[in-house]
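Just so you know, the protein sequences line up as chains U and H, in that order. Quick note: numbering that gives the first Met the number 0 has the first sequence finishing at residue 239, numbered continuously throughout. Quick note: numbering that gives the first Met the number 0 has the second sequence finishing at residue 239, numbered continuously throughout. Don't be surprised by glycine CBs; every beta carbon is placed ideally from N, CA and C.
Number of protein chains: 2
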Amino acid sequence: MNTNPLVLKLEQRDRLSDDEKRVLESAISRVRVVEADEDIVHEGEHPSESNLLLDGFAARYKIFSNGRRQITAIHVAGDFVDLHSFLLRTMDHGVLALTPCRIALVPHAALEKITDEHPHLTRLLWLNTLIDGAIHREWLTAMGRLSATAHMAHFICELFLRLKTVGRTDGDTFQLPLTQAELGDTLGLSTVHVNRVLQELRKEGLIRWQGDALTILDWERLKNVGEFTPTYLNLQHEHR
Amino acid sequence: MNTNPLVLKLEQRDRLSDDEKRVLESAISRVRVVEADEDIVHEGEHPSESNLLLDGFAARYKIFSNGRRQITAIHVAGDFVDLHSFLLRTMDHGVLALTPCRIALVPHAALEKITDEHPHLTRLLWLNTLIDGAIHREWLTAMGRLSATAHMAHFICELFLRLKTVGRTDGDTFQLPLTQAELGDTLGLSTVHVNRVLQELRKEGLIRWQGDALTILDWERLKNVGEFTPTYLNLQHEHR
DNA sequence: CGTTTTTTTGAGATCGATCAATACCAGTGG
DNA sequence: CCACTGGTATTGATCGATCTCAAAAAAACG
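What follows is the structure in structure tokens.
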């Protein structure tokens with residue numbers, strides 16, 4: 000059995016005791032698979048368990064009555080896609096599987112038990128949701144103040160680093176299993192403009208994107224274009 | 000001594016025991032006042048206490064090298080403007096006082112003690128940061144998929160409800176102490192366009208805004224224009 | 001293969017940005 | 001009380017990034 004990617008992710012930020020790892024592992028009631036393009040959680044639900052993504056890509060999204068959609072987060076292995084439903088209770092958005100997803104289910108009762116008995120582990124789970132929040136804020140500033148091209152570059156830089164911390168990169172290459180329409184929904188752009196922006200990044204020699212595989216050809220320049228600084232990802236190891 | 004607005008805010012969402020209220024109150028090490036236009040916390044800092052806003056308005060913001068600014072949150076009485084610094088450690092953004100602010104300081108040591116000894120209260124503090132996250136997601140969708148006018152309407156609706164839950168509204172009127180430039184920085188618009196959007200809302204008879212006082216003249220229509228649904232504010236009372 | 005989905009291209013329309021000037025308003029010092 | 005100052009709000013004119021509509025090309029799929 001290989002390492003739980005959540006453990007990988009948390010260990011990047013603080014020390015986890017063996018006991019805590021065991022608790023985390025035993026909080027999982029079962030593992031399920033969700034097919035691509037299916038909802039992992041529906042908007043409006045009151046789930047009694049949270050979904051920890053072991054493998055695959057997922058997206059949180061909101062839909063408007065007229066069909067417009069905004070993706071508010073992209074999730075990868077190690078991400079708790081709806082840990083917040085433990086305390087928020089009602090899902091105010093849906094979560095969609097972008098690829099086939101292997102998912103560990105953690106009952107809210109188990110989470111409550113953790114908060115009762117394991118303060119340090121609780122803080123790390125809380126930290127997890129705080130990092131989600133930090134990413135949201137970064138997306139807000141990118142959305143509000145960056146050009147479409149810069150925003151795209153920023154997004155690629157972020158996803159690359161996040162995948163790297165859970166060992167899901169291969170050199171400068173990683174899997175980006177989104178259609179251009181989905182990319183548009185996450186950046187707040189039209190599909191057509193996504194296409195043009197990508198062409199620009201390619202022409203500039205910053206990225207290559209073939210099939211699912213995105214390769215960063217010039218990290219420094221891509222970072223500059225996207226005005227990317229990774230502080231907000233909290234990659235430092237500290238006592239929390 | 001009047002009620003701590005954080006207690007007001009939390010009691011809207013779950014029951015607080017007298018003991019928990021006492022613990023919360025005694026976690027405050029001191030109260031300070033920050034003048035308008037001063038930073039409450041600076042970007043890059045490693046604070047050892049968090050700031051609970053008792054009175055006034057504050058904004059979280061990021062600044063780019065070229066001077067562009069994006070405000071990622073507006074905070075009002077009862078909001079813990081940087082509770083996340085307890086676990087995130089490094090401030091990845093600044094927090095600015097928009098008006099004179101009365102602020103309670105809560106040492107991180109006291110927060111750590113709460114997480115060690117008061118699981119339910121811990122969950123409520125966590126909840127607090129989760130609601131911040133939900134608001135961020137809502138702002139993302141408004142930013143990505145709403146017109147400038149709709150976005151403005153949405154923002155006004157949200158702020159009104161948030162102020163109402165902490166008793167800071169007077170009928171349909173509340174204090175909106177932002178300049179149009181600051182509003183632009185929160186909505187991701189230019190100052191000029193903010194002005195034009197406001198004129199439109201006024202001409203449509205949706206709002207009045209004189210000095211600091213904003214009055215909602217037609218709540219239903221404003222809600223429609225802003226496609227506003229308050230689910231994400233988690234105003235229901237539930238056991239958490 | 002034929003069918004569907006996704007990507008790409010073109011052309012025109014639009015929302016919101018930018019630049020620049022003017023009007024307004026509150027506070028300050030004389 | 002008034003002139004001056006600096007900030008804020010408003011208006012006008014133009015520009016440009018991004019959207020929309022529509023169709024073709026390419027890729028993925030069964």
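Excluding the 5 residues flanking residue i on each side, which residues of the same chain have their C-beta closer than 8 Å to its C-beta?
| i | result |
| --- | --- |
| E42/H | K61, I62, M90, D91, H92, G93 |
| M0/H | Residue confidence for M0/H is low, a pLDDT of 49 falling below 50, so the modelled location carries little weight; the figure read from the coordinates is stated next. There are no such residues. |
| V32/U | P99, C100, R101, I102 |
| L160/H | P229, L232, L234 |
| H135/H | T71, A72 |
| F56/H | I73, H74, V75, A96, L97, T98, C100, Q174, P176, L177 |
| T121/U | I113, T114 |
| H192/U | A147, G183 |
List, in order along the chain, the chain U residues whose C-beta lies closer than 7 Å to that of residue i?
| i | result |
| --- | --- |
| N233/H | L87 |
| W125/H | L86, W125 |
| E226/H | F63 |
| T121/H | T114, T121 |
Between residue i and chain H, is the shortest Cβ-Cβ distance under 8 Å, so that the two count as touching?
| i | result |
| --- | --- |
| R136/U | yes |
| Q11/U | no |
| D115/U | yes |
| P118/U | yes |
| L15/U | no |
| L83/U | First, the residue type needs correcting, since residue 83/U is His and not Leu in the sequence shown. It does; some Cβ of chain H falls within 8 Å. |
| R29/U | no |
| R239/U | yes |
| P46/U | no |
So which residues on chain U does residue i lean against when the C-beta distance must stay under 8 Å?
| i | result |
| --- | --- |
| Q209/H | The premise fails here: Q209/H is roughly 27 Å from chain U at the closest Cβ pair, so nothing lies under 8 Å. |
Residue i CB to nearest chain U CB: under 8 Å?
| i | result |
| --- | --- |
| A58/H | no |
| M151/H | no |
| K327/H | Residue 327/H is absent from the structure shown; chain H starts at 0 and stops at 239. |
| A133/H | yes |
| T128/H | yes |
| V32/H | no |
Using the beta-carbon of each residue, which ones in chain H are nearer than 7 Å to residue i?
| i | result |
| --- | --- |
| I91/U | It should be noted that the sequence gives Asp, not Ile, for residue 91/U. Under the 7 Å cutoff, chain H gives A133, T230, Y231. |
| L139/U | Q69, T71, H135, W138, L139, M142 |
| G187/U | M142, G143, R144 |
Leaving aside the five residues before and after residue i along the sequence, list all residues of the same chain whose C-beta is less than 7 Å from its C-beta, in chain order.
| i | result |
| --- | --- |
| S47/H | P106, H107 |
| H83/H | T128 |
| E44/H | M90 |
| H236/H | Q11, R12, D13 |
Please check the pair residue i and residue j, which I expect to be a contact at CB under 8 Å, by giving their CB distance rounded to whole angstroms.
| i | j | result |
| --- | --- | --- |
| R239/H | L86/U | 5 Å |
| I215/H | L104/H | Wrong, their Cβ atoms sit about 34 Å apart, outside the cutoff. |
Excluding the five sequence neighbours on either side, which residues of its own chain have a C-beta within less than 6 Å of the C-beta of residue i, listed in chain order?
| i | result |
| --- | --- |
| V196/U | A147, T148, M151 |
| L200/U | I206 |
| A58/H | I70, I73, L95, L97 |
Counting only runs that start and end within the region 156 to 223 of chain U, where is the alpha helix (DSSP H) found for 4 or more residues in a row?
Counting whole runs of 4 or more residues, the region 156 to 223 of chain U contains the alpha helix (DSSP H) stretches 179 to 186, 190 to 202.
Let me know the beta strand (DSSP E) ranges lying completely inside the region 37 to 99 of chain H, each 3 residues or longer, listed in chain order.
38 to 40, 48 to 54, 57 to 62, 68 to 74, 93 to 96
Could I get the ranges of all uninterrupted alpha helix (DSSP H) runs contained in the region 104 to 158 of chain U, with 4 residues as the minimum, in chain order?
Counting only runs of at least 4 residues, the region 104 to 158 of chain U fully encloses the following alpha helix (DSSP H) elements, listed from N- to C-terminal order: 107 to 116, 118 to 144.
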